[in-house]
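Heads up, the final residue of the sequence shown is numbered 429 in the numbering used here, and it's a clean run with no missing numbers. A virtual CB, placed ideally from N, CA and C, is assigned to each residue, including glycine. Data block below; observations after.
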Amino acid sequence: MSESLKNLFSKIPKNYDLINSILTFGFDNIWRKRAAKIASNLKKNYILDVCTGTGKQAFYLKKYTKKEVLGVDFCFPMLMKAGKEQKFPVFLANAKFLPFKDETFDLLTISFATRNLNTTRDALLNTFKEFRRVLKKEGYFLNLETTQPHFFLLRFFLHLYSKIFIKPVGRAISGSKEAYAYLSSTIPKFYGAPQLEEILKEAGFSEVKFKYLFPYVVALHISKK
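Spelled out as structure tokens, the structure:
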């Protein structure tokens, strides 16, 4: 990830969680809880939350799995907030080059950050391979991300909403025009759930499944090593 993207995220940690809740009408918490509950059913002990940001997903993972969770992010101000407010171990590192040995974790998660790793299809593919590298055999990868709704009208309104609502509201609250202009632009460009499933399989994951989460603008992919 580029230095410019790191600089964008460095400007918005203070109100980042509040803005996400406003922009999703509170659904971001519902989606994160759903992912954490599914993670708890997998009965895995050692969990890594990649691109953890302010630690919101790690908080829900700890709550529902009752297991140890580590967080990784490339943005120091985000990690400062995560470590202070959520109180869990965090590492400053690039998701594309994780500072861990092969087969270290039982479960790896990422939430609403995969779009940022998708600079090119090959870049995303290689990042997924890196995630697979640090997973133990029989380990799982949970990917929670926006998707392209199957129905045309829903997809149209999602793209319109991203253009006319996310950017101005995010800017008004955060004070950063660039950050939310960028974030709003990534939603229409990202893959649909079936396309992301194919990339995960190409990266070497097996038993790849996905669930659309209401209102069907977000998908949770569950992949096994």
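The beta strand (DSSP E) enclosing residue i, as first and last residue numbers
i, result
"lysine 432", "Since the displayed the chain opens at 205 and closes at 429, residue 432 lies outside it and no answer follows."
"lysine 413", "410-417"
"tyrosine 220", "Unbroken run through tyrosine 220 is the alpha helix (DSSP H), 220-227; no beta strand (DSSP E)."
"leucine 358", "No beta strand (DSSP E) holds leucine 358; the alpha helix (DSSP H) holding it covers 356-365."
"isoleucine 251", "250-254"
Classification of residue i by the beta-carbon crowding that lies within 10 angstroms, buried from 16 upward
i, result
"glycine 230", "exposed"
"phenylalanine 345", "buried"
"proline 398", "exposed"
"alanine 327", "exposed"
"glutamate 207", "exposed"
"asparagine 245", "exposed"
"phenylalanine 213", "buried"
"phenylalanine 409", "buried"
"aspartate 306", "exposed"
"glutamate 488", "Past the boundaries of the shown model lies residue 488; the chain is included only from 205 to 429, so the question cannot be answered."
"leucine 400", "buried"
"phenylalanine 263", "buried"
"proline 353", "buried"
"asparagine 320", "buried"
"alanine 299", "buried"
For residue j and residue i, believed in contact at Cβ under 8 Å, the rounded distance
i, j, result
"phenylalanine 309", "alanine 407", "In fact, because the Cβ distance is near 16 Å, the residues do not count as touching under 8 Å."
"isoleucine 403", "lysine 413", "That pair is no contact at about 14 Å."
"glutamate 349", "threonine 318", "5 Å"
"tyrosine 268", "alanine 243", "7 Å"
"leucine 362", "valine 421", "5 Å"
"serine 315", "glutamine 261", "4 Å"
"lysine 210", "cysteine 279", "6 Å"
"glycine 343", "lysine 429", "5 Å"
"phenylalanine 173", "glycine 259", "Beyond the ends of the chain as shown, which are 205 and 429, falls residue 173; an answer cannot be given."
"leucine 265", "alanine 297", "In fact, because the Cβ distance is near 18 Å, the residues do not count as touching under 8 Å."
"leucine 417", "arginine 238", "6 Å"
"phenylalanine 394", "asparagine 322", "6 Å"
"valine 373", "leucine 227", "6 Å"
"phenylalanine 295", "valine 338", "Actually they are not in contact, since the Cβ atoms of phenylalanine 295 and valine 338 sit about 12 Å apart, beyond 8 Å."
"arginine 375", "tyrosine 384", "5 Å"
Residue i, enclosing alpha helix (DSSP H) - first and last residue
i, result
"tyrosine 386", "381-393"
"isoleucine 234", "231-245"
"glycine 374", "371-378"
"glutamine 399", "397-406"
"lysine 210", "207-214"
Can you check the region 269-340 for any alpha helix (DSSP H) of at least 4 residues that lies completely inside it and give the ranges in chain order?
With a minimum length of 4 residues, the continuous alpha helix (DSSP H) runs that stay inside the region 269-340 are 280-289, 318-321 and 325-338.
Counting Cβ pairs closer than 8 Å, one from the region 369-381 and one from the region 302-319, do we hit at least three?
no
Quick check: the region 359-374 against the region 279-295, are there 3 or more CB pairs under 8 Å?
no
Would you be able to state if there are at least three C-beta pairs under 8 Å between the region 245-252 and the region 219-229?
Three or more beta-carbon pairs separated by less than 8 Å are not found between the region 219-229 and the region 245-252, which leaves the two stretches without contact.
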